[in-house]
Amino acid sequence: TEDLGETWVELSGFGTNGSSSNGFPNVAVFSLIVMPHNTDVIWVGTEIGLFESTDGGSTWLFADNGLPAVCIWDMRIYGQQVVVGTHGRGVWTVDIPELPDGDIKRPGLRAGKNPQGNIAIEIVSEQAYDAIELYVDDVLEKTYNNTTVGKLSDEISIASNNTTIGIQVKAKVDMQEANSDFITVDNYDLNETVQKYMNTFTTNRNDFSGASFKISKELFNDWAIHTNHPYEEATQLTYVLSYPIEVLEENKAILSYRDIAFVEAGDPGTQFGDEKFWDYAVIEGSKDGINWIPLADGYDVSKSDKWQDAAGASNNYDAINDAPSSSDLFVEHSINLHATGEFTTGDVILIRFRLYSDANATGYGWVIDDLIIQETGTAVEGDMESEATFTVGPNPASDYIELKLDSEDRGAVNVTIYDMSGRAVVVRDYYKDTNYWNQTVELGQNGSGTMILTVTVNGKVYKKKIVCR
Numbered sequence: 170t171e172d173l174g175e176t177w178v179e180l181s182g183f184g185t186n187g188s189s190s191n192g193f194p195n196v197a198v199f200s201l202i203v204m205p206h207n208t209d210v211i212w213v214g215t216e217i218g219l220f221e222s223t224d225g226g227s228t229w230l231f232a233d234n235g236l237p238a239v240c241i242w243d244m245r246i247y248g249q250q251v252v253v254g255t256h257g258r259g260v261w262t263v264d265i266p267e268l269p270d271g272d273i274k275r276p277g278l279r280a281g282k283n284p285q286g287n288i289a290i291e292i293v294s295e296q297a298y299d300a301i302e303l304y305v306d307d308v309l310e311k312t313y314n315n316t317t318v319g320k321l322s323d324e325i326s327i328a329s330n331n332t333t334i335g336i337q338v339k340a341k342v343d344m345q346e347a348n349s350d351f352i353t354v355d356n357y358d359l360n361e362t363v364q365k366y367m368n369t370f371t372t373n374r375n376d377f378s379g380a381s382f383k384i385s386k387e388l389f390n391d392w393a394i395h396t397n398h399p400y401e402e403a404t405q406l407t408y409v410l411s412y413p414i415e416v417l418e419e420n421k422a423i424l425s426y427r428d429i430a431f432v433e434a435g436d437p438g439t440q441f442g443d444e445k446f447w448d449y450a451v452i453e454g455s456k457d458g459i460n461w462i463p464l465a466d467g468y469d470v471s472k473s474d475k476w477q478d479a480a481g482a483s484n485n486y487d488a489i490n491d492a493p494s495s496s497d498l499f500v501e502h503s504i505n506l507h508a509t510g511e512f513t514t515g516d517v518i519l520i521r522f523r524l525y526s527d528a529n530a531t532g533y534g535w536v537i538d539d540l541i542i543q544e545t546g547t548a549v550e551g552d553m554e555s556e557a558t559f560t561v562g563p564n565p566a567s568d569y570i571e572l573k574l575d576s577e578d579r580g581a582v583n584v585t586i587y588d589m590s591g592r593a594v595v596v597r598d599y600y601k602d603t604n605y606w607n608q609t610v611e612l613g614q615n616g617s618g619t620m621i622l623t624v625t626v627n628g629k630v631y632k633k634k635i636v637c638r
């Protein structure tokens, strides 16, 4: 057949007669191969031996090539050999130099869950295949026919409640097959795409996926993201934000957080990416769930002088497994999502925290707080809601500022102070249950100059310019 079985041409020469017109034997056939280097050459294993056609099945002859005239159960091509399994006479092989050199090459496979909630597939082929079959949890999901050398990218929608999904592909050339590695994909839940995200972890609100991290208040009695303490050896821990982020224009695409990373230091003089930069913490973004791009260089305990001092760097880091003793050890990070050049305005990306550890020493681990993504507050000046009374003071301020809001609004209150680059430097959550609300906010050591203070309650935003000294 040349049309996938719609029509058939009889090759044995029997037709409706009792004998063959082209030399094909009147016996049972158990195996057949078509030579990949010349498809006119067909070998048939019968109960009386091997028969061969060199003209696409038009004529047949007994292959008098040294193989005994015995029943041939199976024939397979391996590299430049044909392997023949007989009844009672063992296994025979014959070298055919014209066959393609070497066995069929295994396809490479990568996969991940993308921001749209589909499973992204990336198949890398070093040779052309007749077909590549894609299996999801051991069930054939899709077939790609007549593939070429290079990378094949696709995405598939999978309805599964499993926490992980198994993916594998099988490549085929003639009668040969080669499987890719079997890989598992984390099947995390994703929410709708947002442009802005803020989590100050004032509660155990969890908008992330990943079994290796948790949100707890085990340090300083304050909710934050934590790895295990100490973290495990020889592992890779990931924590994926369940809200895909649409990247804004460059002047607004700021991601900030603060953290403490008591993570094993690399050898002196090494940097992120070096072989002996042992363990590291990094925040990454991805457009497809497969290729994760560091938003900034990964780092270890040597990132901060105060981390090194607290972890005992001068004494071979003898305190790196100890819990941090003060919240003053938190370090602020500010990253522009455009900085890598991989992401631009309008891209929808996933964001994750990742901690990599080698097979040797570890440390206390990673603590992350006050994650703020694209929540810039400098675009609008003055009060947004003029029907309410909103005052702040003292202004200029130094150590604290007092907020007074008289309105009919009730509910959760978010207070954020932004510097003039749009970076959130203070973020606090409160609750308003009366018309008149009064709150003192400690400013901390967050720099001086003109800043924008915003109070958000029930979707209404109140803003004031303040000066910090």
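Position one of the sequence shown corresponds to residue 170 (the numbering used here), numbered consecutively onward. We put the CB at the ideal spot given by N, CA and C, even for glycine. Quick caveat, the model's predicted, so the values are computed rather than measured.
Counterpart residues of residue i in DSSP-defined beta bridges
{"i": "Phe377", "result": "Leu410"}
{"i": "Lys383", "result": "His395"}
{"i": "Thr354", "result": "For clarity, residue 354 is Val in the given sequence; the question names Thr instead. For Val354, which the question treats as bridged, DSSP gives the partners Ile334."}
{"i": "Ile542", "result": "Tyr366, Leu424"}
{"i": "Trp212", "result": "Ile202, Glu221"}
{"i": "Val253", "result": "Met244, Trp261"}
{"i": "Pro463", "result": "Glu453"}
{"i": "Gly534", "result": "Phe431"}
{"i": "Arg597", "result": "Val584"}
{"i": "Arg592", "result": "Its beta-bridge partners do not exist; DSSP assigns none."}
{"i": "Asn191", "result": "Its beta-bridge partners do not exist; DSSP assigns none."}
Exposure of residue i, with buried meaning 16 or more beta-carbon neighbours within 10 Å
{"i": "Leu219", "result": "buried"}
{"i": "Arg523", "result": "buried"}
{"i": "Asp243", "result": "exposed"}
{"i": "Arg521", "result": "buried"}
{"i": "Ala297", "result": "exposed"}
{"i": "Gly551", "result": "Its pLDDT being 39, under 50, Gly551 is placed unreliably in this model, and the value from its coordinates should be taken loosely. The residue is exposed, with fewer than 16 neighbouring Cβ atoms inside 10 Å."}
{"i": "Ala380", "result": "exposed"}
{"i": "Thr547", "result": "Only weak support exists for where Thr547 lies, its pLDDT of 40 falling under 50; the coordinates are left without a value."}
{"i": "Tyr587", "result": "buried"}
{"i": "Tyr600", "result": "exposed"}
Residue i versus residue j: straight-line alpha-carbon distance, rounded
{"i": "Leu574", "j": "Ala581", "result": "13 Å"}
{"i": "Gly481", "j": "Ile489", "result": "7 Å"}
{"i": "Pro237", "j": "Val342", "result": "29 Å"}
{"i": "Phe382", "j": "Thr531", "result": "16 Å"}
{"i": "Asn314", "j": "Phe389", "result": "59 Å"}
{"i": "Gln614", "j": "Val596", "result": "13 Å"}
{"i": "Asn195", "j": "Ala280", "result": "51 Å"}
{"i": "Arg592", "j": "Ser349", "result": "46 Å"}
{"i": "Val549", "j": "Val451", "result": "Here Val549 scores only 36 on pLDDT, less than 50, and its place in the model is too uncertain to base an answer on."}
{"i": "Ser294", "j": "Ser322", "result": "11 Å"}
{"i": "Glu401", "j": "Asn607", "result": "45 Å"}
{"i": "Asp466", "j": "Val308", "result": "40 Å"}
{"i": "Thr223", "j": "Trp229", "result": "8 Å"}
{"i": "Thr208", "j": "Arg245", "result": "15 Å"}
{"i": "Val210", "j": "Leu278", "result": "34 Å"}
{"i": "Leu612", "j": "Ile570", "result": "7 Å"}
Cβ-Cβ distance between residue i and residue j below 8 Å
{"i": "Asp358", "j": "Ser378", "result": "yes"}
{"i": "Trp461", "j": "Asp527", "result": "no"}
{"i": "Tyr645", "j": "Phe431", "result": "Within the shown structure, residues of the chain are numbered from 170 to 638, placing residue 645 beyond reach of any answer."}
{"i": "His507", "j": "Glu419", "result": "yes"}
{"i": "Leu424", "j": "Thr514", "result": "no"}
{"i": "Ala393", "j": "Val536", "result": "yes"}
{"i": "Glu324", "j": "Ala289", "result": "yes"}
{"i": "Asp602", "j": "Asn583", "result": "no"}
{"i": "Leu303", "j": "Val338", "result": "yes"}
{"i": "Val561", "j": "Leu622", "result": "yes"}
{"i": "Ala492", "j": "His395", "result": "no"}
N- and C-terminal bounds of the alpha helix (DSSP H) containing residue i
{"i": "Asp478", "result": "474-479"}
Terminal residues of the beta strand (DSSP E) in which residue i lies
{"i": "Val636", "result": "629-637"}
{"i": "Thr585", "result": "580-588"}
{"i": "Met244", "result": "241-247"}
{"i": "Ala450", "result": "449-455"}
{"i": "Ser471", "result": "Taken as a continuous stretch (DSSP letters only), Ser471 belongs to no beta strand (DSSP E), as it is neither H nor E."}
{"i": "Lys282", "result": "277-282"}
{"i": "Val318", "result": "Note, Val318: premise wrong, no beta strand (DSSP E); not H, not E."}
{"i": "Asp299", "result": "298-305"}
Chain C within 8 Å of residue i, Cβ atoms only
{"i": "Phe431", "result": "Within the model displayed, chain C is absent; a lone protein chain is all it includes."}
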